[in-house]
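I have placed the structure first, in the form of structure tokens, so that the comments after it can refer back to it.
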Amino acid sequence: MVATINPATAQSAPVTVPNFWDPKAVHDRPASIPDKIQFLATDGYPPFVFRDPEGRLTGFNVDLARALCEELGSSCALKIKDFEVLLPALDEEEGDAIIAGLSRSSPGAGELNYTEDYLKLPARFVVQTDAASRFDEQDLEGVSISIERGSRYEAFAKKFWPQAEIIPAETAQEARALVRSGDADAHFGDGLNLSFWLRSEAANGCCSFAGGPWLEPGHFDEGMAIATRPDDPERATALNYALRQIHTKGVFKELYLRYFPMSFY
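According to our numbering, the sequence shown holds residues 133 to 397 in order.
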């Protein structure tokens, strides 16, 4: 489920904020709340975790971790590790929870306890802005679509849109350039990265999102969750409760608008 809102500071179109929580569900505060949560993360991944010009750690996941701890009344810390050693660090109890977009399908990650997804990463179409109102994602016969070669987006398009003209490019950047130049009618790719590309000098105001977010199971449905050790389900339960609470209280919305001014939903 997504909700469309008008931020008080916005002067343009409404921004769509994702919300995958059932608003009618009632969840009691867990009996066991951790006194401290040591998060493990990897920096250098804006806008999730990165260093600002003064070298201070910041980002969506940093502020999200802080908000979760405030909701639970737990003390909070964040330790930066290289991505490839996050799992060993968690196993060796250097930290309590990984907040780094760890995939459940990663080797050794399947047995961890996970919260529900706090952010999913949909696929999206972009087209030239003057064609956005005419674009029909349900009728793609003869439409030329640029896609990164070898990506899951290419596999999805070839499977479900055989009537379209698929134009593979070696990189996502080259595929986006094709729609900017008009050599492709549309580009299909990662919605998150496209939301930043649309605002960049590389796009130069050429294009807009068209159609809705694609979150098809088995293709684009795996999102970002927080992982804890297999023997620590209570911490995952507490974090899950806190995630629901900050959604209900509007804190998640504030963080989303801060780091994703152009929604990728």
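Note that beta-carbon positions come from the ideal geometry of N, C-alpha and C, so glycine has one too.
Does DSSP put residue i in a helix, in a strand, or in coil?
i: residue 187; result: coil
i: residue 222; result: helix
i: residue 246; result: strand
i: residue 157; result: coil
i: residue 343; result: strand
i: residue 368; result: helix
i: residue 170; result: strand
i: residue 297; result: strand
i: residue 139; result: Since pLDDT at residue 139 reaches only 33, below the 50 mark, its modelled position is unreliable, and the value read off the structure follows with that caveat. Coil, per DSSP.
i: residue 278; result: strand
i: residue 330; result: coil
i: residue 213; result: coil
i: residue 377; result: helix
i: residue 397; result: coil
i: residue 270; result: coil
i: residue 392; result: coil
i: residue 315; result: coil
i: residue 307; result: helix
i: residue 386; result: helix
i: residue 203; result: helix
i: residue 237; result: coil
i: residue 440; result: Outside the shown range of the chain, which is 133 to 397, sits residue 440, and nothing can be said about it.
i: residue 283; result: coil
Given this structure, state the Cα-to-Cα distance separating residue i from residue j, to the nearest angstrom.
i: residue 144; j: residue 223; result: Annotation note: pLDDT 47 at residue 144 (below 50); position unreliable, coordinate value reported separately. Their Cα atoms are separated by approximately 47 Å.
i: residue 336; j: residue 259; result: 13 Å
i: residue 281; j: residue 268; result: 23 Å
i: residue 152; j: residue 356; result: 12 Å
i: residue 187; j: residue 177; result: 14 Å
i: residue 301; j: residue 319; result: 10 Å
i: residue 138; j: residue 147; result: Any reading at residue 138 must be qualified, since the residue scores a pLDDT of 33, below 50, and its modelled position is unreliable; no value is offered.
i: residue 383; j: residue 312; result: 36 Å
i: residue 171; j: residue 202; result: 14 Å
i: residue 194; j: residue 291; result: 38 Å
i: residue 263; j: residue 363; result: 53 Å
i: residue 142; j: residue 387; result: With a pLDDT of 34 at residue 142, under the threshold of 50, the modelled position of this residue cannot be trusted, and the question is left open.
i: residue 284; j: residue 346; result: 12 Å
i: residue 467; j: residue 274; result: The structure shown has nothing for residue 467, since the chain only spans 133 to 397.
i: residue 277; j: residue 317; result: 6 Å
i: residue 159; j: residue 370; result: 11 Å
i: residue 342; j: residue 331; result: 15 Å
i: residue 373; j: residue 248; result: 10 Å
i: residue 394; j: residue 169; result: 31 Å
i: residue 189; j: residue 254; result: 27 Å
i: residue 174; j: residue 350; result: 26 Å
i: residue 245; j: residue 161; result: 18 Å
For residue i versus residue j, is the C-beta spacing smaller than 8 Å?
i: residue 293; j: residue 308; result: no
i: residue 298; j: residue 289; result: yes
i: residue 233; j: residue 192; result: no
i: residue 238; j: residue 354; result: no
i: residue 227; j: residue 165; result: no
i: residue 252; j: residue 365; result: no
i: residue 219; j: residue 240; result: yes
i: residue 279; j: residue 358; result: no
Buried or exposed, going by whether 16 or more other CB atoms sit within 10 Å of the CB of residue i?
i: residue 287; result: exposed
i: residue 380; result: exposed
i: residue 303; result: exposed
i: residue 196; result: buried
i: residue 367; result: buried
i: residue 397; result: buried
i: residue 315; result: exposed
i: residue 207; result: exposed
i: residue 213; result: buried
i: residue 266; result: exposed
i: residue 271; result: exposed
For residue i, write down the residues that DSSP places opposite it in a beta bridge.
i: residue 356; result: 251
i: residue 322; result: 255
i: residue 230; result: 172, 359
i: residue 177; result: 181
i: residue 208; result: 169
i: residue 260; result: 339
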